[in-house]
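Heads up, the sequence shown stops at 391 in our numbering, and the numbers go up one at a time, no gaps. Notes to accompany the following structure.
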Amino acid sequence: MSYDFSRSACRKDTNAEKYTLREELFGTHDVQPVWVADMDIDTPDFVLNAVKKRLEHPIVGYEEVPVSAFNAQKAWMKEFHNFDFKLEDMFYSHSVVASMAVAIEAFSKESEGVIVQTPVYSPFFHSVLGLNRELIKNPLKVNGDGVYSFDIEDLKSKITPNTKLLLLCSPHNPVGRVWKKEELEAILRVCLEHNIVVFADEIHSDLVYTPNKHIPFATLSKEAKSITVTSIGVGKTFNMAGFAMSSVVIEDEDLRKKFKVAYDKVHFAQGAVLSHVAYEAAYKEGREWLKELKIHLYKNYEMLKNLCEKYPKLIKITPIEGIYLAWLNCKGMNLKDKALREFFIKDAKLGLNAGISFGREGSGYMRLNFAVSGEKMLEIIKKLDKALLLK
């Protein structure tokens, strides 16, 4: 079956976050929003049809997450990521950020240290600070070609007996790295040596471009399983963030018990009926759709890459291995962060995430979401080209 990603439905009157908040965030409605990480691509028909079928029953009440939904995810993770775990290892969660907060509560105490690797998705450090933990920054290194890597020596130098947890973003948002086995093993060795638990945010694990391969942190070894809490789901993969459903996998019994104590304090319950059926349908029927989606997304990335290469003194795109978020190095424009943001709003009429919001290492960068239809991508390229031409 062939899927058409050339056009997508209009979202302006659907209370979509990226459109509804334009005035509040950018001071104008006259911007094309390319910030928040959901897609301007239609959610697949097989997901929506499953929801419609469930609505044929006239009662939408409390329901348990069906075993079939989690089994569908288990089968998917084994097939695509060689990640084989048990049903009893799984927890329902409505979001990765909520799961992260539970992990921070479960595996650290107030004033104890939690490591984040910046630049990174801002809830990583906001969650740590909001729960009164010590924020330990282990910035990524970046080489002359814009490729990021872990700084293991810096990591070692910042660990104390008070350090309890590392928040790993894999694949990494916003720099687009898909970590190689040897890189993850270096993190594993350090964490095992210092008894540090790893919370692995792997929500983008399906959005990886050939020849790169996502490696779940927990699959590195038996020892890795003993320290890993993995957060996964369909929200990014199939543009289903609005269904608010993900899962947490913890294979170690002791970790699972500690997590459950903090988890039960929140009362996650079992989520929403329609989310259950959507989740299951995505994992059972989404293989071909995802394959074609990734081809489309990479074409969008290449269009943006070609545009940046047209203005090498002004803007550079970070080489991407996974995710659908472009990390744009705009230091050549010689603009301070506020002025850089204004350039994209006023001159390009595009609403991006300011790089500085991902940590001070993001100064001079902007993040652009290229998970849009072909039609919308052409609009983005046209607007940015015109603005850069006049810069």
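Each residue gets a CB set at the ideal place from its N, CA and C atoms; glycine is no exception.
Listed in chain order, the beta strand (DSSP E) runs fully inside the segment 301-374 are 325-329, 365-369, counting runs of at least 3 residues.
Counting only runs that start and end inside the segment 121-181, the alpha helix (DSSP H) elements of at least 4 residues fall at 123-130, 152-158. By the criterion of a C-beta distance shorter than 7 Å, Ile356 is surrounded in its chain by Asp337, Gly362, Ser363, once the five residues flanking it on both sides are discounted. For the 8 Å CB-CB criterion, Phe125 and Gly359 form a contact. Taking 8 Å as the cut-off, the Cβ atoms of Ala272 and Val47 do not count as close. Taking a C-beta distance under 8 Å as the contact criterion, Ser247 and Gly235 do not qualify as a contact pair. In the DSSP secondary-structure assignment, Tyr92 is bridged to Ser247. Comparing alpha-carbon positions, the option among Gln117, Tyr19, Val198 lying closest to Ala106 turns out to be Val198. A contact between stretches requires three or more CB pairs, one per stretch, nearer than 8 Å, and the segment 290-306 fails this requirement with the segment 255-274.
Excluding five sequence positions before and after Arg189, none of the CB atoms of its chain fall closer than 8 Å to its own CB. Around the beta carbon of His214, 16 or more other beta carbons sit within 10 angstroms, so the residue counts as buried.
The continuous alpha helix (DSSP H) containing Thr20 extends over residues 17-20. Take the alpha-carbon of Glu342 and the one of Thr318: they are about 21 Å apart. With contacts defined by Cβ atoms closer than 8 Å, Thr28 and Arg22 form a contacting pair. Exclusion of the five residues before and after Ile115 leaves Ile136, Asn138, Leu166 as the residues of its chain whose Cβ lies within less than 6 Å of its Cβ.
Contact between the segment 314-331 and the segment 198-210 is present: 3 or more CB-CB pairs across the two stretches fall below 8 Å. For Asp206, there is no enclosing beta strand (DSSP E), as DSSP marks it with neither H nor E.
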